[in-house]
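Numbering (our numbering), first residue to last: 196 to 917.
We put the CB at the ideal spot given by N, CA and C, even for glycine.
Since the structure is predicted, the reported quantities are computational estimates derived from the model, not experimental observations.
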């Protein structure tokens, strides 16, 4: 089934019917177009591979409803949200958002999508606004440096800027052709043009997913095997639509319903078995407030009290996260019918039982062994928001009111994501600064309670202002950073913070993250087309959704038959195991171009592989986090990393004659041209005269392009951002 038909089919599922809803009726189908009349049942269709989003994003300025048609004349009413490379994101009449390969659209609508994308860009910061905001960053940095007798570093070279920007903005190195195109450009504004090109490319949302996956603890499964693919699909679609950070967080904190129906519920459900830990984690993630100690006792090093923590957690005290009664019904039903495999029934039960539902009663109480005099042990907790300063309580956003416990989460989310919140904008601005310059203005990023401890309070205040001015648009915020002279300056070695604060005369030299290293090696192996390989697995979970109402044997058998017909019962995930995951198990989930497989590796970008990858995979060896805690990834070196590059499957793949970078170089007529091409592919620069001379002599003595590719991939220069 092509992606356009998947969109149509998923719209049908979203309405909970087996009939075509009026808004998506084929042209001329008058019966289906009548809103109050039942339509004829539609034939069963395979699970679509487009990913729906539970809450609609803010459409681009001037967006309108449009009847989109595919190249076979079928149509659907939807609103344009985004176009990144070949992939289009649309919002249907049902409010859900769909992300799919737009090449199935008719030529007229492909052109219309391009026009919409161009118009959407005009609704963001203009280049003058970006330049002014970036210049203010530079002014603040320069002023602070001057106070300490320091100066900003000079601008970095085009070669270093090229590699730095590609890796930071889209998560991979440029290809030889991409490197050559930029370096040969003599336009004075070529850096600004490259920035805009990259942040509107498919790779941008892929690298943002990798970054957020570590922050939001994105895992394929939680609580001993419960799948969370709908959460991954939801997050990818929201990033593709460039959802503002405040809206994204709001949707996660206020999500309702089952995880199999609403992917946004995945964030809170990750901690369904330990809800207090979940509150502690979300405070660290979204506010940079570390109250973990206060979960058990008054914080010994901060002003947070155990009472503060419980009063804040009470905003989630009426939220139920697991339907135990449903699981009990399933167990009773299966007990009377042993024809269904127990493992499959458990899987169906887990997919349906985990859901977010607000009740009418506050269930959170203080611990029975609570030892402080400010609350009675075992008493019901009343929700109270925290403040960092006495004046905070006077802010309008602190006047959160909830008539019933069922409204508490909404009030909490409104407070947390508000521009008036004393830490929300500062926290995400501080984190993104670290993502792109190697060090936060206030370290560590998970504890920003005391803003006076920032290396430069003035810079942190300005970044907070930029974030609010951008309305939490993370792409626009990073455009400002990338256009600043501070970002484009020569990088410094990792500073010794024991000798004093780092004042950002330039970025920090950084080793690639695990995802950046993997994606860069993959693009050298198979080319930039890897940016057009998307993994969608959430629709498999939707096939397991039980109908509302009592659990019956008929309902369980129906779901079992559906997932069996869809091939979801073959050996777990099915297929031959590889170091990149189960090939057969993942193959049906890919949209767009299909990933290649070499040396037992599935060559898709890190965002399109299992989350996280298996422990023996290149990604985990190079520091991909286990996602049990936020910010669990590391860039520390190790001996196994060296062995992976020198002798592992990745090293063999990137230096194989079939590798894109190697094949492109081998097709050139002279050794000098081959050397130049490989340097551009792996190091994003031309070789120096001495490097070229040595390599050409080595080739004359028998060194092949594949050998040189292996050498360059194993240099420290390849793995580090200058």
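Quick one: grab the DSSP three-state call for residue 795. coil
Between 388, 430, 387, 578, which lies nearest to residue 403 when the distance is taken from Cα to Cα? 430
Spatial distance of residue 504 from residue 461 (CA atoms): 23 Å
How should residue 381 be labelled, buried or exposed, when 16 other C-beta atoms within 10 angstroms of its C-beta is the threshold for buried? Exposed, because fewer than 16 other Cβ atoms sit within 10 Å of the Cβ of residue 381.
Residue 225 burial status per 10 Å Cβ neighbour count (16 or more: buried): The predicted model places residue 225 with a pLDDT of 33, which falls under 50 and marks its position as unreliable, so this point remains unresolved.
Beta carbon of residue 891, beta carbon of residue 870: below 8 Å? One thing to note: residue 891 has its Cβ within 8 Å of the Cβ of residue 870.
4 or more residues per run - each alpha helix (DSSP H) lying fully within the region 862–904: Counting only runs of at least 4 residues, the region 862–904 fully encloses the following alpha helix (DSSP H) elements, listed from N- to C-terminal order: 866–878, 884–895.
What residue range is occupied by the uninterrupted beta strand (DSSP E) comprising residue 517? 514–517
Under 8 Å, do residue 702 and residue 682 count as touching if we go by C-beta distance? Taking 8 Å as the cut-off, the Cβ atoms of residue 702 and residue 682 count as close.
Taking the alpha carbon of residue 294 as the point to measure from, which residue in 729, 354, 876 has its own alpha carbon closest? 729
From residue 785 to residue 375, what distance separates their C-alpha atoms? 31 Å
Buried or exposed, going by whether 16 or more other CB atoms sit within 10 Å of the CB of residue 421? buried
Cβ distance (whole Å) where residue 575 is taken to contact residue 557 below 8 Å: Right, the Cβ-Cβ distance comes to about 6 Å (below 8 Å), so this counts as a contact.
CB-CB length for residue 887 against residue 912, believed under 8 Å: Going by Cβ atoms, the distance from residue 887 to residue 912 rounds to 15 Å, so no, they are not a contact pair.
Three-way DSSP call (helix, strand, coil) for residue 658 in this model: helix
Cβ of residue 509 within 8 Å of Cβ of residue 559? yes
Beta-carbon proximity check, residue 836 vs residue 849, cutoff 8 Å: no
Compute the Euclidean distance between the alpha carbons of residue 903 and residue 405, then round it to the nearest angstrom. Rounded to the nearest angstrom, the two C-alpha atoms are 30 Å apart.
Residue 466 vs residue 679 beta-carbon contact at 8 Å: A distance of 8 Å or more separates the beta carbons of residue 466 and residue 679.
Could you give the C-beta distance for residue 513 and residue 435, rounded to a whole number, given that I count them as a contact under 8 Å? Rounded, the Cβ-Cβ distance is 33 Å, inconsistent with contact.
Nonlocal neighbours in the same chain, by C-beta distance under 7 Å from residue 502, ignoring five residues either side: 567, 569, 570
Cβ-based burial, residue 931 [other Cβ within 10 Å; buried from 16]: Because the chain is modelled from 196 through 917, residue 931 falls outside the range shown and cannot be assessed.
For the region 365–424, which segments carrying the alpha helix (DSSP H) assignment without a break, of at least 4 residues, lie completely within its bounds, in sequence order? 371–379, 385–394, 397–411
By alpha-carbon positions, which one of 588, 641, 410, 447 ends up nearest to residue 486? 641
If you count every other CB in all the chains shown that lies within 10 Å of the CB of residue 901, and 16 or more means buried, which is it? Classification of residue 901: buried, given that the 10 Å Cβ count is 16 or more.
Measuring alpha carbon to alpha carbon, tell me which of 445, 327, 515 ends up nearest residue 612. 445
Expressed to the nearest angstrom, what Euclidean distance is found between the alpha-carbon atoms of residue 909 and residue 755? Each residue's Cα considered, the two are about 49 Å apart.
CA-to-CA distance, residue 649 to residue 694, given in whole angstroms: 15 Å
Decide if the region 303–311 is in contact with the region 275–284; the criterion is three or more beta carbon pairs, one per stretch, under 8 Å apart. yes
Does the region 707–726 come close enough to the region 840–859 to have 3 or more Cβ pairs within less than 8 Å? yes
Extent of the continuous alpha helix (DSSP H) to which residue 732 belongs: Boundaries for residue 732: no alpha helix (DSSP H) harbours it, and the DSSP string shows neither H nor E there.
Can you tell me whether residue 631 is helix, strand or coil according to DSSP? helix
Label residue 708 either buried or exposed according to how many other C-beta atoms from any shown protein chain fall within 10 Å of its C-beta, with 16 as the threshold for buried. buried
Alpha helix (DSSP H) runs wholly inside the region 637–691, at least 4 long, in chain order: Counting only runs of 4 or more, we get 652–664, 669–678.
Close beta carbons around residue 872, own chain, < 7 Å, minus the five adjacent residues each side: 371, 859, 860, 863
Quick check: what's the CA-CA separation for residue 787 versus residue 456? The C-alpha of residue 456 is placed about 24 Å away from the C-alpha of residue 787.
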